[in-house]
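Okay, so here's the structure we're looking at.
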Amino acid sequence: MSGVGLMLEKAMKYAFAVVGAVTGLTVTRFVLQTTGANLTSFISLGIMVAASVAFGAVMLFFGGKAVRYAAESMEKVEKILHSLTLYELMICVVGLISGLIVANLLSIALIRIQIIGIPLTILVNVLFGSLGVYLAMSKRYENIMEEKKRRIHHCKVLDTSVIIDGRILDISRTGFLEGELIVPDFILEELRHLADSHDDLIRTKGRRGLDVLNSLKKDAPVQVRIAKSKADPSIEVDERLMHFAKEEKACIITNDYNLNKVASISGISILNINDLSNALKPLAVTGEEMTVKIVREGKEVGQGVGYLDDGTMVVVDGALKYKGSEVGVVVTSVLQTSAGRMVFAKHKTSDYSVAE
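For the sequence shown, my numbering gives the first residue as 58, with consecutive numbering after it.
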């Protein structure tokens, strides 16, 4: 610290001592006057002098520390001001003014308190002014509209189709998904009903969905939450799902083509796994061998239709005669759209040529 700085520090210390002495004298005089003591008596004068000296000594001791602390704080403030941009400086000023406005509203009542009213008012102004600057600076880079958009896309609601599909589990494990995955209670209930179905195919889908959900909760790196819905139970599941997504300010992950379109019209963000798969699909998926159970007749003569575990339709030429049985097939082509994936195949024992 320079010589001028040391002189200023000493001057401030003595100024604090004088203020302390005057304060001690004033406070003691007020107390004695309140108790009805004779202010001109030697005892009263001695008490006032002793209090004045004591207050002065205390302020002299703490005043030096306060001055040094204030000097260090000013240096830090100066460095901070040099590092601030004009925008940040304006934010600080706005925060300071806001804090002082609140402090002065509170000070209207505090300043009426005798003796300690003014010190309390000063303290409140300092505290709220500092708080205003702190809050303004901590939020200086936040954009209200961007934050709103971020929150909308932060949470993702899963529908029944995407859980049964199962690929959501693999996607979550890759780390591409961020935020929280939410499964409404009515979706969980729908999966349970599917798992209890008398139809083998539907029951398999339901159980697969429950298994995928359990794996998500155990293994997924993102948080998975089962949430209660306030939507009317009497309305259909898709409509309840859209109401829920709006309440949670979340987007919906689905494979349902119709839900995709309706939700988009309603202004709800949609993430379609089939669209993602379509974007990432290899150039050619042919020649793959698989086993599929033929469950019904296809549109063309002799065609048999089966389904994979994830519900993908497999159309097999000339396989109608194997209805009710599992047959080995070879994939000839794959059709992938937003509505889902369809596999075309031929029976392994029949003559076939794989499309290039």
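For glycine and all other residues, C-beta sits at the position ideal for the given N, C-alpha and C.
None of these values were measured; they are calculated from a predicted model.
Item: Taking C-beta to C-beta, are T311 and V219 nearer than 8 Å?; Value: yes
Item: Please report the Cβ distance between A108 and T85, rounded to the nearest whole angstrom; I am assuming they are in contact, meaning their Cβ atoms lie under 8 Å.; Value: 4 Å
Item: Mind checking whether L239 and L251 have CB atoms under 8 Å apart?; Value: The amino acid occupying residue 239 in the given sequence is Ile; Leu does not appear at that position. The answer is no: Cβ separation not under 8 Å.
Item: Name the two residues that bound the continuous beta strand (DSSP E) containing G361.; Value: G361 to Y364
Item: Please state whether DSSP places Q171 in a helix, a strand or coil.; Value: coil
Item: Name the two residues that bound the continuous beta strand (DSSP E) containing T389.; Value: E383 to T394
Item: How is V373 classed by DSSP in three states: helix, strand or coil?; Value: strand
Item: Residues bridged to K67 by DSSP?; Value: According to DSSP, K67 bridges with nothing at all.
Item: Locate the alpha helix (DSSP H) running through G113, then write down its first and last residues.; Value: F99 to S140
Item: In whole angstroms, what is the alpha-carbon distance linking G93 and V106?; Value: 18 Å
Item: What residue range does the alpha helix (DSSP H) around F301 cover?; Value: V294 to E305
Item: Contact check, G120 vs F73 under 8 Å by CB: the rounded distance?; Value: 3 Å
Item: From R265, T394 and L180, pick the residue whose C-alpha is nearest to that of L337; which is it?; Value: T394
Item: Roughly how many angstroms separate the alpha carbons of F401 and V388, rounded to a whole number?; Value: 6 Å
Item: Please say whether I228 and G368 have beta carbons closer to each other than 8 Å?; Value: no
Item: My assumption, with CB atoms under 8 Å, is that G152 sits in contact with M194. Please give the rounded CB distance.; Value: 7 Å
Item: For G113, I'd like the list of residues in its chain whose CB is within less than 6 Å of its CB, leaving aside the five on either flank, ordered along the chain.; Value: A74, G77 and A78
Item: Start and end of the alpha helix (DSSP H) containing G21?; Value: No answer is possible for residue 21: it lies beyond the span of the chain, which begins at 58 and ends at 413.
Item: Given this structure, state the Cα-to-Cα distance separating P176 from E304, to the nearest angstrom.; Value: 48 Å
Item: Run through DSSP, which three-state label would A74 get?; Value: helix
Item: Output needed for L245: all residues of its chain with C-beta closer than 8 Å, excluding positions within five of it in sequence on either side, in chain order.; Value: L270 and I283
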